[in-house]
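Residue numbers (our numbering): 37 to 221. To start, the structure itself, in structure tokens.
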């Protein structure tokens, strides 16, 4: 059954890329890798691409050049991804904050991975040193503040995938099923 849905989804997508959006810690990178594997698509983690091209970590870019420069690099990398068909692209949590990015995102299917807030905060407690927007602040308050400022933007996605404690493959299948049900049917 799953294989049939996957095959039908791939055929109907006709190479259209899938962009994963959502808050930091929502599992976009791991889910994206699994989703690409299931669909036999190529995978790009936008943050990793930015780090590779800038030859700096995201933290270093934020510290040396600021968030605005990072968002500029992010937008430029996003523009390049749309030139390649059949991709799953995991984006940074703030990709939705620049209106110019939406024109590119809309050329594919946008799936919002909406992880339960308490679970996201629990995950992020171990990753603060790699999250420049969270450093030196109250994690719960800051997370909720960032989420509230982006929730309306995330809600513009084609698909909202609500996640609690599912494993990566289950989340990837939720996305495939949602594409099959809501986009294709």
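Every residue gets a Cβ at the ideal spot worked out from N, C-alpha and C, and that includes glycine.
Inspect the beta-carbon positions of residue i and residue j and report whether they are closer than 7 Å.
| i | j | result |
| --- | --- | --- |
| residue 208 | residue 59 | no |
| residue 126 | residue 56 | yes |
| residue 68 | residue 132 | no |
| residue 144 | residue 52 | yes |
Once the 5 residues before and after residue i are set aside, which same chain residues still bring their CB inside 7 Å of it?
| i | result |
| --- | --- |
| residue 216 | 41, 44 and 45 |
| residue 166 | 95 |
| residue 128 | 82, 83 and 110 |
| residue 170 | 160, 164 and 178 |
| residue 141 | 55 |
State the Cα-Cα distance for the pair residue i and residue j, rounded to the nearest angstrom.
| i | j | result |
| --- | --- | --- |
| residue 98 | residue 37 | 45 Å |
| residue 203 | residue 112 | 32 Å |
| residue 62 | residue 149 | 6 Å |
| residue 196 | residue 39 | 22 Å |
| residue 22 | residue 168 | In the structure as shown, the chain begins at 37 and stops at 221. Residue 22 is therefore absent and cannot be evaluated. |
| residue 201 | residue 186 | 22 Å |
Identify the residues that DSSP records as bridge partners of residue i: which are they?
| i | result |
| --- | --- |
| residue 126 | 56 and 81 |
| residue 199 | 151 |
| residue 146 | 55 |
For residue i, collect the residues of the same chain with a Cβ closer than 8 Å to its Cβ; drop the 5 residues on either side in sequence, then sort them by chain order.
| i | result |
| --- | --- |
| residue 180 | 153 |
Going along the chain, which residues of its own chain have a beta-carbon closer than 6 Å to the beta-carbon of residue i, five neighbours each way excluded?
| i | result |
| --- | --- |
| residue 79 | 68, 69, 72 and 124 |
Original post:
Quick check: the stretch 88-104 against the stretch 63-74, are there 3 or more CB pairs under 8 Å?
Top reply: Under the Cβ criterion (8 Å, minimum of three pairs), the stretch 88-104 does not count as touching the stretch 63-74.
**OP:** Check whether the stretch 146-165 touches the stretch 96-107, taking contact to mean three or more Cβ pairs, one atom from each stretch, closer than 8 Å.
**Re:** With a cut-off of 8 Å on Cβ pairs, the stretch 146-165 is not in contact with the stretch 96-107, counting fewer than three such pairs.
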